[in-house]
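K.L.:
In this note's numbering, the protein residues as written are 14 to 496.
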Ligand SMILES: [Zn+2]
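1. What's the gap between the Cα of residue 143 and the Cα of residue 295?
2. In three-state terms, what does DSSP make of residue 118?
3. Within the present structure, is the beta-carbon of residue 399 separated from the nearest heavy atom of ligand 3 by less than 6 angstroms?
4. If you follow the beta strand (DSSP E) that residue 237 is in, where does it begin and where does it stop?
5. Taking C-beta to C-beta, are residue 331 and residue 311 nearer than 7 angstroms?
6. Starting from residue 211, follow its DSSP beta bridges and name the residues at the other end.
7. Taking the alpha-carbon of residue 375 as reference, which of 335, 233 and 408 has the nearest alpha-carbon?
8. Starting from residue 486, follow the beta strand (DSSP E) in both directions and report where the run begins and ends.
9. Is it the case that the Cβ atoms of residue 216 and residue 198 are separated by a distance below 7 angstroms?
10. Quick one: what does DSSP say residue 105 is sitting in, helix, strand or coil?
11. Between which two residues does the alpha helix (DSSP H) harbouring residue 176 extend?
12. Identify, in the order they occur along the chain, each residue of the same chain with its Cβ nearer than 7 angstroms to the Cβ of residue 34, setting aside the five sequence neighbours on each side.
13. Using a Cβ-Cβ cut-off of 7 angstroms (strictly less than) and excluding sequence neighbours within five positions of residue 489, which residues of its own chain qualify?
14. Please confirm if the stretch 437–448 is in contact with the stretch 463–473, defined as three or more CB-CB distances below 8 angstroms between the two stretches.
15. What first and last residue would you give for the alpha helix (DSSP H) that runs through residue 148?
16. Can you give the Cα-Cα distance for residue 236 and residue 268, rounded to whole angstroms?
17. Grab me the residues of residue 37's own chain with a C-beta within less than 7 angstroms of its C-beta, minus the 5 sequence neighbours each way, in chain order.
18. Using the rule of at least 16 other Cβ atoms within 10 Å of the residue's Cβ for burial, across every protein chain shown, is residue 273 buried or exposed?
19. Is the Cβ of residue 314 closer than 7 angstroms to any Cβ of chain B?
20. Since residue 302 is in the beta strand (DSSP E), which residue starts that stretch and which ends it?
21. Would you tell me roughly how many angstroms separate the C-alpha atoms of residue 44 and residue 76, rounded to the nearest one?
22. Leaving out five residues before and five after residue 468 in sequence, what residues of the same chain have Cβ atoms less than 6 angstroms from its Cβ?
23. Measuring straight from C-alpha to C-alpha, what distance separates residue 437 and residue 211?
24. In the structure shown, what three-state DSSP assignment does residue 188 receive?
25. What residue range is occupied by the uninterrupted beta strand (DSSP E) comprising residue 70?
26. Using the C-alpha atoms, what's the distance from residue 304 back to residue 352?
27. Do you know whose CA, among 161, 204 and 160, lies nearest residue 126's CA?
28. Name the DSSP bridge partner or partners of residue 97?
29. Roughly how many angstroms lie between the CA atoms of residue 481 and residue 129, to the nearest whole one?
30. Which of the three DSSP states is assigned to residue 416 in this structure?
31. Can you give me the Cβ contacts of residue 433 inside the same chain, cut-off strictly under 8 angstroms, excluding the 5 residues immediately before and after it?
32. For residue 486, is the classification buried or exposed, using 16 other Cβ atoms within 10 angstroms of its Cβ as the cut-off for buried?
33. Mind checking residue 339: buried by the 16 CB within 10 Å criterion, or exposed?
34. Using the DSSP secondary-structure output, state which residues sit across from residue 216 in a beta bridge.
35. Rounded to whole angstroms, what's the CA-CA distance from residue 316 to residue 281? Just pull it up for me.
36. Does the stretch 186–198 come into contact with the stretch 247–260, if we say contact requires no fewer than three beta-carbon pairs (one atom in each stretch) closer than 8 angstroms?
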């Protein structure tokens, strides 16, 4: 058992005024009526996730799972436990705005994209994924990722959320219903093989389908609906999308989703589809146009409609280059937080690259320059990885994504907002998540180095606090399997 900073608990010299204020409401009483202890983290530099200036010698005051107050000059009530975090930095827990529980990050996980079924049959990969859900959830927390937005898939995306809710050492999971595509079933099935007989992509071929799909999302308690508008550079595909009326389908979906308070997010890789989707009213885009430079029309539309864009930069080099060349630029946190067996699989020899690798692998530079153009134009960005895709382990790949976005020219200060508050906004959950502010869930990280100096310092994780419960980061690392 490691103690770290928690060996330094001491009783605070109290302040009666805050206590009096607190007692007037129901804040001190839990559901049972019992008083939950108050904990004060004192002395760190607070970077609260809103983009505000860092606050030195700050106090973050918690009760149970919630933040009571955060900032300078906060009085600590008598009887509160005080944790001395002087010399450290506090930032909100990271939120990955694009993950899939259905994929493991192993090289066998998307046979339609990289076919290694002769080594690991897809049924075996599915079993691996299903049996590793708790480990996967814990690996998010190990990397300081306290929130994850599932971008859809089969029912495991929901069962992973339900398992996460029963665990303390797991991120909060917010689901997208979908992904939905405006293509007939037979095509949807070719893009993704079935999962235990279940279709992964939902085929929407009419506005009526779209309305039923939004209702299904609400019934599943999803936070978002997700669609994909992607012709993969194929004229035939494009004709099918137009023939089925993908725009009318989106119009109906966006209107119906609004009735249930669901956010709408869409996968795009081209400028034209991205622009049309924003005109139709989507809330966010997953990936970004990479067929051509983003133009002024696209940028002003994104700004005017307050669309959040999730560039997913890391996959281009890792999945479509490094997995083929076997020259990996691995982060230490990927090695310490990935489930054993994930990184090892990346060394498996690969068949020659397939269509997707050609389609996306070549777009790395355009993705970087467009991401920077969006940033410079003042468009809101969030940070998402597509974790679970081959080469991207759950949790740790968030740091790879941050590194790539930083290399593209986005400064650490804005990346912290993108990876916390803006990611929470994609799911419509910024009322309770994404920043270290009064009234929000107490999800934050204690770092030994200043992340404003260098984004890699987000990896200098000492403690991960999830809903008020503190974990020594080393205790969250997966244990090696017994030989
Ligand atoms: Zn994805």
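Glycine included, every Cβ here is placed at the ideal spot set by N, Cα and C.
P.N.:
Reading off the structure:
1. Cα atoms of residue 143 and residue 295: separation of roughly 32 angstroms, rounded to the nearest angstrom.
2. coil
3. Questions concerning ligand 3 fall outside what the structure shown contains, since the ligands it does hold are ligand 1.
4. 237–241
5. no
6. 208
7. 335
8. Element bounds for residue 486: n/a, residue is neither H nor E.
9. Judged by beta-carbon spacing, residue 198 lies within the 7 angstroms limit of residue 216, meaning their Cβ atoms are closer than that value.
10. strand
11. 169–179
12. In this prediction, residue 34 scores a pLDDT of 41, lower than 50, which makes its location untrustworthy; the coordinate-derived value is nonetheless stated afterwards. Once the five neighbours on either side are set aside, residue 34 has no close Cβ partner at all.
13. 151, 154, 155, 182 and 477
14. no
15. 146–155
16. Computed Cα separation, rounded: 15 angstroms.
17. Because the pLDDT of residue 37 is 40, which lies under 50, any placement of that residue in the model is unreliable, and the number read from its coordinates should be weighed accordingly. Closer than 7 angstroms at the Cβ level, and outside the excluded window around residue 37, lies no residue.
18. With fewer than 16 other Cβ atoms within 10 Å, it is exposed.
19. In the structure shown, chain B does not exist; there is a single protein chain.
20. No beta strand (DSSP E) holds residue 302; DSSP gives it neither H nor E.
21. No answer about residue 44 holds up, because its pLDDT of 47 lies below 50 and its placement is not dependable.
22. Only 415, 419, 425 and 428 meet the Cβ criterion.
23. 29 angstroms
24. strand
25. Start and end: 68–76.
26. 35 angstroms
27. 204
28. 55
29. So the alpha carbons of these two residues sit roughly 42 angstroms apart.
30. helix
31. 62, 104, 105, 106, 107, 108, 447 and 448
32. buried
33. exposed
34. 194
35. 17 angstroms
36. yes
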